[in-house]
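For the sequence shown, the working numbering gives the first residue as 926, with consecutive numbering after it.
Note that beta-carbon positions come from the ideal geometry of N, C-alpha and C, so glycine has one too.
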Amino acid sequence: MNYLAHAYLSFGQDEVLVGNFIGDFVKGKMMNTFPQQVQNGIKLHREIDKFTDTHPLVRAGQSYLRPKYRLYSSVITDIYFDYFLAKNWDRYSEITLLDFTQKTFTTLKHYHLLFPDRFANMLMWMEQENWLLQYKQIEGIRKTLTGMSRRTRFPSKMEMAHLDLVEKEQEYQVIFFAFFEDLETFAREKLLEIQDSNAGH
926 MNYLAHAYLS FGQDEVLVGN FIGDFVKGKM MNTFPQQVQN GIKLHREIDK FTDTHPLVRA
986 GQSYLRPKYR LYSSVITDIY FDYFLAKNWD RYSEITLLDF TQKTFTTLKH YHLLFPDRFA
1046 NMLMWMEQEN WLLQYKQIEG IRKTLTGMSR RTRFPSKMEM AHLDLVEKEQ EYQVIFFAFF
1106 EDLETFAREK LLEIQDSNAG H
C-alpha cells in the first residue's frame, strides 16, 4: 500500500504512524535504534505490504496491468488504492481528508529526529505538495506515477498508468472496496498482535 493507506492504518497512534511511514527506509540493525512503538509501526508496515502483495483480489487487479508494466504493476495498484481511499474518504473517516493530512504531517515533523535521511528529504516534498491530498484527483495520480517513473532504473511506462485507471476505474473501485475491508481488519488485528508480543520490551 502507499502512504495515505499506511497513515490511515496507523489508527491514530503517533509512533505507529512514524514507523508505518519510514518502514521502507529501515534496514537491518537500524530497527533497534527506534522506540518500541515506532518499531511496531515498521513491523506493521511490512505486514500490510505482505498481506497486500499476496491478496487474490490485488493480484487479480494487477493481472490487467502486468503485460504492459510488468514488475511495476504492484507499485501502480498501490497508488490506485490510495486514489480510491482518498476519493471515498468520508466512507472511512469522520474528519476531512485535508484535516487528516495536515495532522499526519504535523505528527511526523514532531518526530523528525528519528527519520532516516532519505525519508526526511522525501517528506519535505511530500508535505510541500501535499501528496496525500493529491491522491484524490486523477491529475495527482498522474503526477505521482510520473515522478516515480523518473526514478526507476529501467523504463517503466508508469507515467501512462493513470490512463488505465481512467479506463478501468469502476472495476478497480470494486476490487478496492472488497480488498480494503479485508486489509483494515487484518491491520487492526496484526497491530494488536505485534504490540502484545512486544509489551514490556
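Between the options, which lies nearest to residue i when the distance is taken from Cα to Cα?
i, options, result
"Leu-1033", "Val-943, Val-983, Ala-1124, Leu-1010", "Val-943"
"Glu-1019", "Gly-937, Phe-1102, Phe-1105", "Gly-937"
"Ala-1086", "Phe-1102, Phe-1101, Gly-1065, Ile-1100", "Gly-1065"
"Glu-1094", "Gln-964, Phe-1009, Glu-1109, Arg-1016", "Phe-1009"
"Lys-1012", "Arg-1078, Ser-1081, Leu-1070, Ile-1063", "Ile-1063"
"Ala-904", "Tyr-989, Asn-957, Ile-973, Asp-939", "In the structure displayed, the chain extends from 926 to 1126; residue 904 sits before or after that span and is not available."
"Pro-1080", "Tyr-997, Leu-1090, Asp-949", "Tyr-997"
"Leu-990", "Glu-1092, Asp-939, Arg-1043", "Glu-1092"
"Asp-1007", "Asp-939, Arg-1113, Thr-1069, Glu-1118", "Thr-1069"
"Thr-1002", "Ala-1112, Leu-1088, Leu-1117", "Leu-1088"
"Ala-932", "Tyr-1005, Thr-1029, Ala-1112, Arg-1075", "Thr-1029"
"Lys-1061", "Leu-1023, Arg-1043, Arg-1075, Leu-1038", "Leu-1023"
Tell me the rounded alpha-carbon separation between residue i and residue j.
i, j, result
"Phe-1040", "Val-941", "13 Å"
"His-946", "Asn-1123", "Looking at the sequence provided, one finds Phe at residue 946 rather than His. When rounded, the distance between both Cα atoms is 20 Å."
"Phe-959", "Val-951", "10 Å"
"Met-1049", "His-1035", "13 Å"
"Ser-999", "Arg-1078", "16 Å"
"Tyr-928", "Leu-1108", "15 Å"
"Gln-1134", "Gln-961", "Residue 1134 is absent from the model: the chain starts at 926 and stops at 1126."
"Tyr-1017", "Phe-976", "20 Å"
"Tyr-1097", "Ala-1045", "32 Å"
"Thr-1071", "Thr-1110", "32 Å"
"Arg-995", "Asp-978", "14 Å"
"Gly-948", "Gln-1027", "21 Å"
"Gly-953", "Met-1051", "25 Å"
"Arg-1113", "Asp-939", "15 Å"
"Lys-1115", "His-1037", "26 Å"
"Lys-993", "Gln-987", "10 Å"
"Val-963", "Val-1099", "33 Å"
"Arg-1067", "Gln-1059", "10 Å"
"Arg-1150", "Met-1047", "Absent from the model: residue 1150. The displayed extent of the chain is 926 to 1126, so no value can be given."
Who are the near neighbours of residue i in its chain, counting only those whose CB is closer than 6 Å to its CB and skipping five residues on each side?
i, result
"Met-1073", "Met-1083"
"Arg-1043", "Phe-950"
So, for residue i: in the same chain, excluding its five sequence neighbours on each side, which residues have a beta-carbon less than 7 Å away from its beta-carbon?
i, result
"Phe-1025", "Ser-1018"
"Tyr-1005", "Leu-1090, Tyr-1097"
Might you give, ordered along the chain, the residues of its own chain that have their beta carbon closer than 8 Å to the beta carbon of residue i, omitting 5 neighbours on each side?
i, result
"Thr-1021", "Trp-1014"
"Thr-1031", "none"
"Met-956", "Gln-964, Ile-967"
Considering only heavy atoms of the ligand ATP, does any lie closer than 7 Å to the CB of residue i?
i, result
"Gly-953", "Looking at this structure, you won't find the ligand ATP or any other ligand, since it has none at all."
Spell out a yes or no on whether the stretch 1040-1055 and the stretch 962-970 are touching, meaning 3 or more CB-CB pairs, one atom from each, closer than 8 Å. Result no; under three Cβ-Cβ pairs closer than 8 Å.
Decide yes or no for the touch test of the stretch 982-995 against the stretch 1097-1104: beta carbon pairs closer than 8 Å, at least 3 of them. Result yes; three or more Cβ-Cβ pairs closer than 8 Å.
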